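Per the working numbering, the sequence shown runs over residues 7 to 240.
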Amino acid sequence: LGCPMVVGRQRVLAGQHLLAAHPDVDVIISDDGLQHYALARDVEIILFDQRGVGNGCLFPAGPLRESARRRRDFTILNAPGDVHPRGIGEPVVRMQLRTEGVVSLAQPERKLKFSDLQGKRILAAAGIGNPARFFDLLSRHGVQFERLPLPDHFAFQADFFAQKDAEIILITEKDAVKCRQLAGLREDQRIWVVPVSAHFDTRNKLGAKAEGSASFEAELLAMIAEKKNGCKAA
7 LGCPMVVGRQ
17 RVLAGQHLLA
27 AHPDVDVIIS
37 DDGLQHYALA
47 RDVEIILFDQ
57 RGVGNGCLFP
67 AGPLRESARR
77 RRDFTILNAP
87 GDVHPRGIGE
97 PVVRMQLRTE
107 GVVSLAQPER
117 KLKFSDLQGK
127 RILAAAGIGN
137 PARFFDLLSR
147 HGVQFERLPL
157 PDHFAFQADF
167 FAQKDAEIIL
177 ITEKDAVKCR
187 QLAGLREDQR
197 IWVVPVSAHF
207 DTRNKLGAKA
217 EGSASFEAEL
227 LAMIAEKKNG
237 CKAA
């Protein structure tokens, strides 16, 4: 999107730094911001995948950082259309990640279609919260590969893939950010990134109030505009 970004554990300080450096910014999106109670917020969005709430318990007994019953403005489900986990609440906006091919880490101008990967020895590595989702995405495109699930936020080393016997190594966009910082990986011609884009099902309306009217994007933009106008009026 070409927007400024700040990384920091202290969300409030990160937001203040962002605004100081870019005073023209009027919308801030905070990843994993729900549990940072000191952080003011106007809109709360909870995103689930096909695992839903798991056993419904909070850390360390379960997977949740917050109660599944906490308030939110939108609930988004990133899962196939026939999947609807229990306990995530209603109404739900469905989202799916889509991809059209792969991009070279060393030379971003180089792109390949998934059909170009046929017959290659492929290793797919993913250091994200749910590596299976990345692998399933590749499988849906007919890619045959060896799976290498890694811990979330995995700390890559420059020689991590050096001994891997693969002609093509596929990684997520999230992992690509870290790999680009290491010369040993950044220059490895075997590594290809799988870019994805989010697509929302326009048939899913946001409850009875929105039925027959706006899509998720329109509702969200309208809510942001209302908050901004309210701040100006105050």
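Each residue gets a CB set at the ideal place from its N, CA and C atoms; glycine is no exception.
Because the structure is a prediction, the values reported are computed rather than measured.
- CA-CA distance, F166 to R192, rounds to 12 Å.
- Contact between the segment 50-61 and the segment 91-106 is established, with three or more Cβ pairs separated by less than 8 Å.
- Counting C-beta pairs closer than 8 Å gives fewer than three between the segment 200-208 and the segment 155-174, which falls short of the contact rule.
- Taken through DSSP and simplified to helix, strand or coil, Q22 comes out as helix.
- The three-state reading of DSSP puts I230 in helix, counting H, G and I together.
- Excluding its 5 nearest sequence neighbours in each direction, R75 has C-beta neighbours in its own chain below 8 Å: G95, listed in chain order.
- Here DSSP, grouped into helix, strand and coil, assigns S121 to helix.
- For R139, the three-state secondary structure derived from DSSP is helix.
- Rounded to the nearest angstrom, the gap between the Cα atoms of G125 and I51 is 41 Å.
- For L191, the enclosing alpha helix (DSSP H) starts and ends at 189-192.
- Contact annotation: the segment 103-115 touches the segment 172-191, with at least three C-beta pairs closer than 8 Å.
- Pairing D79 with M229 gives a Cβ-Cβ distance under 8 Å.
- Taking the CA atoms as reference points, P69 sits about 12 Å from N136.
- L226 and G8 have their C-alpha atoms roughly 20 Å apart.
- In the three-state scheme derived from DSSP, where H, G and I count as helix and E and B as strand, E179 is classed as helix.
- The DSSP-derived three-state label of F65 is coil.
- Assigned with DSSP and collapsed to three states, A224 falls in helix.
- A130 and L176 do touch by the CB rule: their CB atoms are close to 4 Å apart, below 8 Å.
- When secondary structure is reduced to three states using DSSP, R71 falls in the coil class, being assigned neither helix nor strand.
- Where P155 is concerned, the enclosing beta strand (DSSP E) starts and stops at 152-155.
- For A131, the enclosing beta strand (DSSP E) starts and ends at 128-132.
- Note on D181: 16 or more other CB atoms within 10 angstroms of its CB, so buried under the neighbour-count rule.
- As the crow flies, the alpha-carbon of L25 is around 10 Å from that of L19.
- Proximity to R127 across L143, E232, Q102, E173 peaks at E173, based on C-alpha coordinates.
- Annotation: M101 to E115 spans about 28 Å, alpha carbon to alpha carbon.
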